[in-house]
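Numbered per UniProt numbering, the sequence shown finishes at 113, counting up by one with no gaps.
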Amino acid sequence: MNPLKSGTLDLALLAALQDQPRYGLDILRHVNDRSGGLFDLKEGSLYPALHRLVKAGWVDSDWQPSDRGGAPRKVYRLTDDGRAALHAKRQEWQTLRGALDALLTRALPRRSA
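Here it is in structure tokens:
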């Protein structure tokens, strides 16, 4: 099961970059680990989504040398617009979550007067 859709995937990726820049596979591992494996994010979904976020101006990227001496890695970081988008998407998520919680919570039975 992979519950990530475009909007929630964007939120997950922006959140993964909120504390530090990360390269692609590090983002993938971070999202999968933090979700307890529920999201099961794959490279085939990750890189098109990152490209979309770069195009939107929410994420910037550059090539940096590998810390292990291998090939350079493309490192992604949030832009100021990306931080604003993360804040807005977080607010939207909290509103949606509250509405769903209200729908999913069973109403208490009415007492007879």
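Idealized CB from N, CA, C, for every residue including glycine.
Is there contact here, the region 13 to 27 with the region 76 to 89, by at least three beta-carbon pairs under 8 Å?
yes
Distance check for L104 and residue 125, CA to CA, integer angstroms please.
No answer is possible for residue 125: it lies beyond the span of the chain, which begins at 1 and ends at 113.
Is the CB-CB distance between Y47 and V59 below 9 Å?
no
Whole angstroms is fine: what's the gap from Q64's alpha carbon to D81's?
22 Å
At 4 residues or longer, what runs of the alpha helix (DSSP H) sit wholly inside the UniProt domain "Transcription regulator PadR N-terminal" (13 to 87)?
24 to 34, 43 to 56
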